[in-house]
Amino acid sequence: MTDKKPWAGRFNEPTDAFVEAFTASVGFDWRLYRYDIAGSIAHARMLARQGILSAEERDAIVAGLERIRERIDRGEFEWRVALEDVHMNVESALTADIGVAGKKLHTGRSRNDQVATDVRLWLRDEIATIRDEIRRLQRALLDLAEREADTVMPGFTHLQTAQPVTFGHHLMAWFEMLDRDHGRLVDCARRLNAMPLGAAALAGTSYPIDRHYTAELLGFDAPAENSLDAVSDRDFAIEFAAAASILLMHLSRCAEELVIWSSAQFAFVELSDRFCTGSSIMPQKKNPDVPELVRGKAGRVFGHLFGLLTLMKGQPLAYNKDNQEDKEPLFDTVDQVRGCLRVFADMVPTIRPRREAMRAAALKGFATATDLADYLVRKGLPFRDAHEAVGKAVALGVTKGCDLAQLSLPELQSFSPLIGEDVYDVLTLEGSVAARDHFGGTAPAQVRAAVARARQRVAT
Ligand code: ARG
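Take the sequence shown: its position 111, counting from 1, is numbered 791 in our numbering, and each next residue is one higher.
Set out below in C-alpha cells:
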C-alpha cells in the first residue's frame, strides 16, 4: 500500500508535515469503516448494474472490500494519517489488494456524498441501539412503579412539600419523559434516512447512475432530493444532538432526585453499593457518583449541540472542510448517551425505596392541606374561603409543632363549623392519594392502570 494521495495529480509539492496531521480525520473517522465499506459495496453494485463497471470488476471490488473489513475487524489494518481519512485509507488498501478495478470504485462518487452517507448509516444504527436502551430503562421503571404503586411520599413544588403522591406515580413521570425522548429519536431517524450518494461532489454526476437502487440496497427510504443539499446538510446531526441533549436533561433531573433522595436528610431511597463510591477521607461516606456523573455529562452533551450548531452556522453551500468537525462531537454524544442510559437501566432495578421515611416525610409538611380545603368546598364553602380557613389551621399546626391530622376536632372546628368527625378520613395520606382517582392521577389504582397502558406502549 502506498501513501500516494488520490488527489496528488495537480500538486507539485508534498503536503506540509504538520498540515497533513492537522487536516487528517482518520484518527477518529476510522470508526465509520463498516458503513464506509457497506456504502462502497452498494455503490459498486449499482455501477455494475448500470453497465459502468463490469461484473468481474464488481465482484473483485466487493470481495476486496469484504477482506478489508475483516482485516479491520481483526485489528490487522494499518491506518495511515498520510491517507487522511477512512475513505481514502480503505480505497488505497483496495487498490493495493485488487489492482486497477479498485481505482474504478470512486467513479460517479465523491468523498462529500460518501461521508454524508457513512455518518447517516452509522447514526441510524446508533439511534436504534439507543432506543433499545431507553426501552430497557423504561421497563425497569415500570417494574419499580408497579411495586411502589401504594407507597406514599411527599410530592414537591419549589422543593417544598406540596401534596402526597405515590412513589409509583413519580416514577411514571420519569417514564413519560423518556417516552418523549424515544419519540424524538424515532422522528430523527426517519428524517435522516435519505441517501446523499449520487450527489457526488455537489452537482451530481454525468454517469447514468441509479440512485434509487443504491438507496434500496442501503435501506434508505429514498435518495436525497437535491444534490447540493445532500452533501451540505448536517441537520440530522444537530437534530440528534438536540434529542440527545433533551434526553440527558431528563436523566439529569432523575439523577438529581436520586442524589437528593439518597441523602441522610431525605433517606427516601438507598442506592446499591455497586453504583456508589466512598470517600478517601470520610469513612462514613457513600456517594451517589453514578447519578452525579450522569448529571454532569448532560452539560458536556449540551456543549456538543452548541458546537454543531455553531459549526454549521453561516457555512455557504455546499460541502466545506468545516464539516469534518461534525464527527467528534457526534461520536462523543452517542458514547455519553449510551453510557448514561446503560448505567441508569442497570441501577434502577437496584433502587431500594425506604417507605417509612417517605411516609414520615409526607406527614411532616401539611401535605394534606389541599385535601382539607377540598373537604370544606364539598361542604359548601367557596374555595377561597376554604383556602383561608385551612391556612389558619396550618398556622396553628406550625405553632403547636404538629400536623393537621393531630389537631383535635374542636381545634379544627374553630376554623370552620362545617368540619365534622369525617374530616380525619381526608387528612390521612392514603385518603389523599386515593382521592386523586382520575386518568393521570396519583391514586394507586390509577398508577397500576398507567403501568398497564405503558407496558403496551413499550412493547411496540
Ligand atoms: N474527512 C472528510 C470529512 O469528514 C471527508 C470528506 C472530504 N471531502 C473533501 N472534499 N475534502 O468531511
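For each residue, glycine too, the CB sits at the ideal point set by N, CA and C.
Listed as beta-bridge partners of Pro-1033 by DSSP are Val-949. Nearest neighbour of Leu-872 by Cα position, chosen from Gly-755, Ala-808, Pro-844, Ile-814, turns out to be Ala-808. Assignment of beta-bridge partners to Phe-836 by DSSP yields Thr-841. Listed as beta-bridge partners of Thr-846 by DSSP are Val-832. One thing to note: Leu-774 has its Cβ within 8 Å of the Cβ of Ile-741.
Rounded to whole angstroms, Glu-756 and Glu-736 show a C-alpha spacing of 27 Å.
Separation of Ala-935 and Ser-1112 (C-alpha to C-alpha, rounded to the nearest whole angstrom) is 28 Å. The Cβ-Cβ distance between Thr-846 and Thr-1122 falls below 8 Å.
Excluding the 5 residues flanking it on each side, Arg-816 has same chain C-beta neighbours closer than 7 Å at Ala-1025, in chain order. Comparing alpha carbon positions, the residue from His-767, Ile-778, Arg-711, Tyr-1055 closest to Arg-738 is Ile-778. Taken from the Cβ of Val-1127, every heavy atom of ligand 1 lies 7 Å or farther away. By the neighbour-count criterion, in which 16 or more other beta carbons inside 10 Å mark a residue as buried, Asp-805 falls on the exposed side.
With 16 or more other Cβ atoms from the protein chains shown falling within 10 Å of its own Cβ, Met-852 counts as buried. A direct Cα-Cα distance of roughly 25 Å separates Ile-1031 from Gly-1045. Distance from the CA atom of Pro-1033 to the CA atom of Glu-905, rounded to whole angstroms, is 54 Å. Taking a contact as a CB-CB distance under 8 Å, the pair Met-1038 and Phe-955 does not count as one, their CB atoms being some 20 Å apart. For Arg-760, the distance from the CB to the nearest heavy atom of ligand 1 is not below 7 Å.
The C-alpha of Pro-834 is placed about 47 Å away from the C-alpha of Glu-1005. Rounded to the nearest whole angstrom, the CA to CA distance from Val-981 to Gln-1086 is 49 Å. A distance criterion of 7 Å places the beta-carbon of Ser-705 in contact range of ligand 1, judged by its closest non-hydrogen atom. Looking at the DSSP output, Pro-903 bridges to Met-875. A contact between stretches requires three or more CB pairs, one per stretch, nearer than 8 Å, and the segment 966-974 fails this requirement with the segment 1047-1065.
For Gln-995, the CB stays at least 7 Å from every heavy atom of ligand 1. CA-CA distance, Gly-878 to Glu-950, rounds to 56 Å. Ile-741: member of the alpha helix (DSSP H) spanning 735-753, first to last residue.
Not a single heavy atom of ligand 1 lies less than 7 Å from the C-beta of His-850. Around the beta carbon of Arg-914, 16 or more other beta carbons sit within 10 angstroms, so the residue counts as buried. Within the segment 902-980, the complete alpha helix (DSSP H) runs of at least 4 residues fall at 907-912, 915-941. Excluding the 5 residues flanking it on each side, Phe-855 has same chain C-beta neighbours closer than 8 Å at Gln-818, Leu-821, Leu-822, Ala-825, Ala-1134, in chain order.
In this chain, the alpha helix (DSSP H) harbouring Glu-700 covers 697-703.
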